[in-house]
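What follows is a short report on a single structure.
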Amino acid sequence: MSKPTSIKTSEEVRDRLRILAEERGTTITELLEDLATRELTAAEREQRAREAARELGIEYTEQVQQAGQDAWAKIRAHQGGAAA
7 MSKPTSIKTS EEVRDRLRIL AEERGTTITE LLEDLATREL TAAEREQRAR EAARELGIEY
67 TEQVQQAGQD AWAKIRAHQG GAAA
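The sequence shown maps to residues 7 to 90 in this note's numbering.
Set out below in structure tokens:
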């Protein structure tokens, strides 16, 4: 594990992180570490989409890419704007 640092955020966010950490029996630091390792970057999502298309035998065109982005936008909207 690397050296801890501070992150500035609102009290509301800090309080929510504290509650989430308590519910999961962990610390805010561990909760944030889990989030950072679990969430994919845009480049990682793009690479996985290309790999999935290849596995399915689908050419990864701009149209396929757009359809995927539209699908994720609908999922996020259904989840109330939370990251998917």
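For each residue, glycine too, the CB sits at the ideal point set by N, CA and C.
Owing to the predicted nature of the structure, the values given are computational and were not obtained by experimental measurement.
According to DSSP, simplified to helix, strand and coil, what is lysine 14?
coil
So arginine 44 and leucine 37 are supposed to be a Cβ contact under 8 Å. How far apart are they, rounded?
Incorrect: roughly 11 Å between the Cβ atoms, too far for contact.
CB contact flag (alanine 27, isoleucine 34, <8 Å)
yes
Where does arginine 30 sit, in a helix, a strand or coil, going by DSSP?
coil
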